[in-house]
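Written out below as structure tokens is the structure these notes cover.
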Amino acid sequence: NAGVMQNPRHLVRRRGQEARLRCSPMKGHSHVYWYRQLPEEGLKFMVYLQKENIIDESGMPKERFSAEFPKEGPSILRIQQVVRGDSAAYFCASSPRTGEGLAFFGQGTRLTVV
Amino acid sequence: QQQVKQSPQSLIVQKGGISIINCAYENTAFDYFPWYQQFPGKGPALLIAIRPDVSEKKEGRFTISFNKSAKQFSLHIMDSQPGDSATYFCAASIGDSWGKLQFGAGTQVVVTP
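Laid out in structure tokens, this is it:
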């Protein structure tokens, strides 16, 4: 039973480029959450998605960031025109559709903007 | 505004000792309180969790104590081992949004041999 899969594990982008981060939830999980962790800080909620729906994007920056969770395929966190301040670890978590859905995290994608 | 405050920021404990990490929250709507363990370069791993209708929960060497009236909860690691050296995060969430977690800032625990 594979856990939450994120790729790539490491991503280097130059300022102004686009970054695409992928997350495949655990089998049977239909809720996906994205978090950002800056160096030496805790995790900050960004967005909560279900299949084809954004449920809560209250933690997403207003510009350059977007997320989707299509009917088929992984969830994607997209950062356009990256800046050095976007350098962070981005984690995806998933939880089941019903019941006490414990959130399980992936290994993260470490984005470095140079 | 940080909704979950965690202390201490770091902790050094000898092997066999007890590690205690404290968290306090503001929002009384929180009803799910998990603790996560994170090793360098890895994702957070769920350690143990509690609901507010329970004052204590124990799993192996890990115990959560919960004080609803004080809006505080804590993690106790008994018989601490070098392999427990990691960063520990408390968190809280509301209702059906189990995965929308408010995290504390984290506590780096170092267990010396």
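In order, the protein sequence lines correspond to chains B and R.
For the first sequence, position 72 (counting from the first letter as 1) is numbered 59 according to my numbering, and the numbering increases by one without interruption.
Numbering-wise, my numbering comes out as the position in the second sequence, counting from 1, plus 143.
Ideal Cβ placement from N, Cα and C applies to all residues, glycine included.
- Taking a beta-carbon distance threshold of 8 Å, serine 82 of chain B counts as an interface residue toward chain R.
- Listed along chain R are Ala248, each with a C-beta nearer than 7 Å to that of glutamate 28 of chain B.
- Taking 3 residues as the shortest admissible run, the segment 146 to 172 of chain R contains the following complete beta strand (DSSP E) segments, listed from N- to C-terminal end: 147 to 150, 153 to 157 and 162 to 168.
- Among the residues facing chain R, leucine 64 of chain B is not included, as its CB has no counterpart in that chain under 8 Å away.
- The straight-line gap separating the alpha-carbon atoms of aspartate 43 of chain B and proline 151 of chain R is approximately 31 Å.
- Three or more Cβ pairs closer than 8 Å define a contact, and the segment 90 to 98 of chain B meets that threshold against the segment 166 to 186 of chain R.
- In terms of beta-carbon proximity, glutamine 4 of chain B stays away from the interface with chain R, with every pair separated by 8 Å or more.
- The beta carbon of valine 101 of chain B sits closer than 7 Å to the beta carbons of Val(-1) and Arg1 from its chain, once the five residues preceding and following it are set aside; these are given in chain order.
- Between arginine 51 of chain B and glutamine 37 of chain B a beta carbon distance of about 23 Å is seen, past the 8 Å cut, so the two are scored as non-contacting.
- For secondary structure counted as the beta strand (DSSP E) over 3 or more consecutive residues, the segment 51 to 77 of chain B holds these complete runs in sequence order: 52 to 55 and 62 to 66.
- When secondary structure is reduced to three states using DSSP, aspartate 43 of chain B falls in the strand class.
- Within the segment 15 to 26 of chain B, the residues whose Cβ lies closer than 7 Å to any Cβ of chain R are, in chain order, His18 and Tyr20.
- According to the DSSP assignment, arginine 9 of chain B belongs to the beta strand (DSSP E) that extends over 6 to 11.
- DSSP, reduced to helix, strand and coil, places proline 83 of chain B within a strand of the structure shown.
- If you compare the alpha carbons of R:Thr206, R:Leu154, R:Gly160 and R:Asn165 with that of lysine 214 of chain R, the shortest gap goes to R:Asn165.
- Non-local C-beta neighbours of lysine 200 of chain R in its own chain, meaning closer than 6 Å and more than five positions away in sequence, comprise Ile193 and Ile207, ordered along the chain.
- Comparing C-alpha distances from arginine 23 of chain B to each of B:Ala75, B:Ala80 and B:Thr99 shows the shortest one belongs to B:Ala75.
- The residue from B:Leu30, B:Pro(-5), B:Gly60 and B:Asn40 with its alpha-carbon nearest to that of alanine 6 of chain B is B:Pro(-5).
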